[in-house]
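**Q** Using this note's numbering, read the sequence shown as starting at -12 and increasing by one per residue.
Just so you know, even glycine gets a beta-carbon here, dropped at the ideal spot from N, CA and C.
Below is the structure I would like to discuss, written out as structure tokens.
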Amino acid sequence: MDVAFSQRFVDAGGIRTRIVEAGDGPPLVLLHGTGGHAEAYLRNVRALSAHFRLVICDMVGHGFTGKPDRPYTLDVYAEHLAGLLDALGLERAHLSGESLGGWVAAWFAAQRPERVDRLVLTTPGNVTSKPETMRRVYESTLRAVTEASVETVRSRLEWLFAPATKHLVSDELVAVRLAIYTQPGAEAAMRNVLVLQEPEVRARYGWNAEWTGRIRAPTLIIWTSDDPTGTYDEGELLARWIPGSRLVNIDGAGHWPQWERPEDFDRLHREFLLASC
């Protein structure tokens, strides 16, 4: 990456948590999606660490972070995030989350507004809880673990990308995810991760005007032209629910604009987050 960074483990509320850190300045915490890990943001480290104290974590149950045997609901993720901020000595931070990470960041901002400066939600995905999308996420993600191979992991990743960007799914990215998905206990952890794709669980945490209306942090919503999990009108719905939020679109990207269109993703973060400093 041609940039100085460090990787370490911290105790976040009793959970051994992997983080990648780089840069100095206002703290910015990046949160990945379902089944993801810190490497999802490696194409953004150089640009963002020039302006922020960048913290990228593996969320609870993900990556190389601890995996307690319990269903990972939004409350569990939020508690882990609070523990991470405490471990890093951060009273407040900017939060930016992609997919599940955006859902977690928004929930956290609604429940703990005093700890969030500005909020970026990138392709938070399936805002309207479409059953077919939930089923696709559940089946393809679990298969990548229960039948872990280069082929199943690559297929899961390529589904996230726009047709024109699938070539950006690198061998290195596949290898890292395959290493994660073949750890002891990976299947049990993934089943706990995927509870949010179960209708009865999701109903308790699904996006709606009531809880999103409690978000007070200035919010930027980033959608894309080719997101396989949700259409732009779902982004417009979310923008109506979150007070004072702004919606922008990145053309030529699917569910991972931070990897597919890093220049656009980084520029939007700089322009939006630095306006508050």
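Helix, strand or coil for residue 170 per DSSP?
**A** Counting from 1 along the sequence shown, the entry for residue 170 is found at position 183. Here DSSP, grouped into helix, strand and coil, assigns residue 170 to coil.
**Q** In chain order, what residues of the same chain have a beta carbon less than 6 angstroms from the beta carbon of residue 8, not counting five sequence neighbours either side?
**A** Residue numbering aside, residue 8 sits at position 21 when the sequence shown is read from its first letter. For residue 8, where only same-chain residues beyond five positions count, the Cβ hits under 6 angstroms are -7, 42.
**Q** What's the C-alpha gap between residue 118 and residue 171?
**A** Reading the sequence shown from its first residue, position 131 is the one you call residue 118. Reading the sequence shown from its first residue, position 184 is the one you call residue 171. So the alpha carbons of these two residues sit roughly 30 angstroms apart.
**Q** Report the rounded CA-to-CA distance for residue 241 versus residue 151, giving the unit in angstroms.
**A** For this step, residue 241 is matched to residue 254 along the sequence shown. For this step, residue 151 is matched to residue 164 along the sequence shown. Using only the alpha carbons, I get a separation of about 9 angstroms.
**Q** Could you check the C-alpha separation between residue 254 and residue 109 for me, to the nearest Å?
**A** Along the sequence shown, one-based indexing puts residue 254 at 267. Along the sequence shown, one-based indexing puts residue 109 at 122. Near 14 angstroms, if we compare the C-alpha coordinates of residue 109 and residue 254.
**Q** Of the choices 94, 159, 160, whose alpha-carbon is the least far from that of residue 199?
**A** In the sequence shown, the residue the question calls residue 199 occupies position 212. The shortest Cα separation from residue 199 among 94, 159, 160 belongs to 94.
**Q** Between which two residues does the alpha helix (DSSP H) carrying residue 190 extend?
**A** For this step, residue 190 is matched to residue 203 along the sequence shown. First-last of the alpha helix (DSSP H) with residue 190: 186 to 192.
**Q** Tell me where the beta strand (DSSP E) around residue 83 begins and ends.
**A** Counted from its first residue, the sequence shown places residue 83 at position 96. Residue 83 -> beta strand (DSSP E) spans 80 to 85.
**Q** Just grab the DSSP bridge partners of residue 208 for me.
**A** What you label residue 208 is simply residue 221 of the sequence shown in a count that begins at 1. BP columns for residue 208 point to 108, 234.
**Q** Would you call the CB atoms of residue 71 and residue -3 closer than 9 angstroms?
**A** Counting from 1 along the sequence shown, the entry for residue 71 is found at position 84. Counting from 1 along the sequence shown, the entry for residue -3 is found at position 10. Cβ atoms of residue 71 and residue -3: closer than 9 angstroms.
**Q** On the premise that residue 14 lies in contact with residue 61, defined as a C-beta separation below 8 angstroms, what is that separation, rounded to the nearest angstrom?
**A** As a working note, residue 61 is residue 74 in the sequence shown. As a working note, residue 14 is residue 27 in the sequence shown. Actually they do not touch by this definition, with Cβ atoms about 22 angstroms apart.
**Q** Leaving out five residues before and five after residue -10 in sequence, what residues of the same chain have Cβ atoms less than 7 angstroms from its Cβ?
**A** Here residue -10 corresponds to residue number 3 of the sequence shown, with the count starting at 1. 9, 32, 33, 36.
**Q** So what does DSSP say about residue 161, is it helix, strand or coil?
**A** Position 174 of the sequence shown, counted from the first residue, corresponds to residue 161. In the structure shown, residue 161 sits in a helix (DSSP, three-state: H, G or I).
**Q** Of the choices 243, 244, 207, 216, whose alpha-carbon is the least far from that of residue 227?
**A** Taking the first residue of the sequence shown as position 1, residue 227 is located at position 240. When 243, 244, 207, 216 are compared, the shortest CA-CA separation from residue 227 is found for 207.
**Q** Consult DSSP for residue 353 and reduce its assignment to one of helix, strand or coil.
**A** Outside the displayed range of the chain (-12 to 264) lies residue 353, so it cannot be described from this structure.
**Q** On the premise that residue 179 lies in contact with residue 296, defined as a C-beta separation below 8 angstroms, what is that separation, rounded to the nearest angstrom?
**A** The structure shown does not extend to residue 296, since the chain spans only -12 to 264, so no value can be given for it.
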